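Remarks on the structure that follows.
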């Protein structure tokens, strides 16, 4: 027995595929972090800390992605009114994305400033 056809192929289907790709890229990130930890154990502590913080931000973002898609696909299955609500994971993921973007931009700006000073 199937539910009503809500016509969500162009929205939830694309979002679901995007989350699948995000999970795949998260796996690549985990592999890179493990490679870094095993290959460069004598790096400076601030660099190790930065790698750990970025990995934790990526982990949190991936968890929020899964919670977000779960809310719509599983929790609100065949309920059109679920589309009217935004789970709290959406706001948290947006905040993390802003934090991640600003941290990357600041590190790029710091690198450019250091290059100009040389």
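Residue numbers (our numbering): 207 to 324. All C-beta atoms in this analysis are idealised placements derived from N, C-alpha and C, irrespective of residue type, glycine included. For clarity, every value in this text was computed on a predicted model and none was experimentally measured.
Please report the distance separating the alpha-carbon of residue 235 from that of residue 309.
Numbered from 1 along the chain shown, position 29 holds the residue referred to as residue 235. Numbered from 1 along the chain shown, position 103 holds the residue referred to as residue 309. Whole-angstrom Cα-Cα distance: 17 Å.
Please determine, among 285, 261 and 323, the residue with the shortest C-alpha to C-alpha distance to residue 302.
Looking up residue 302 in the chain shown gives position 96. Among 285, 261 and 323, the Cα nearest to that of residue 302 belongs to 261.
How about the stretch 221-232 and the stretch 270-279: do they share at least three Cβ pairs that are nearer than 8 Å?
The stretch 221-232, when compared against the stretch 270-279, does touch it at the 8 Å Cβ threshold.
Name the two residues that bound the continuous alpha helix (DSSP H) containing residue 240.
Position 34 of the chain shown holds residue 240. First-last of the alpha helix (DSSP H) with residue 240: 218-245.
Using three-state DSSP, classify residue 291 as helix, strand or coil.
As a first step, residue 291 is located in the chain shown; it is residue number 85 there, counting from the start. Three-state result, residue 291: coil.
Counting C-beta neighbours from all protein chains within 10 Å, is the total for residue 241 16 or more, i.e. buried, or is it exposed?
As a position in the chain shown, residue 241 is number 35, starting the count at 1. Per the 10 Å Cβ criterion, exposed.
Between residue 312 and residue 285, what straight-line distance do the alpha-carbon atoms span, to the nearest angstrom?
One-based indexing of the chain shown puts residue 312 at position 106. One-based indexing of the chain shown puts residue 285 at position 79. Whole-angstrom Cα-Cα distance: 42 Å.
How would you label residue 314, buried or exposed, when you count the other beta carbons within 10 angstroms and need 16 or more for buried?
Residue numbering aside, residue 314 sits at position 108 when the chain shown is read from its first letter. Under this definition residue 314 is an exposed residue.
How many angstroms separate the CA atom of residue 297 from the CA atom of residue 255?
In the chain shown, counting from the first residue as 1, residue 297 sits at position 91. In the chain shown, counting from the first residue as 1, residue 255 sits at position 49. Rounded to the nearest angstrom, the two C-alpha atoms are 26 Å apart.
What residue does the alpha helix (DSSP H) around residue 264 start on, and which one ends it?
Mapped onto the chain shown, residue 264 falls at position 58. 251-276 is the extent of the alpha helix (DSSP H) around residue 264.
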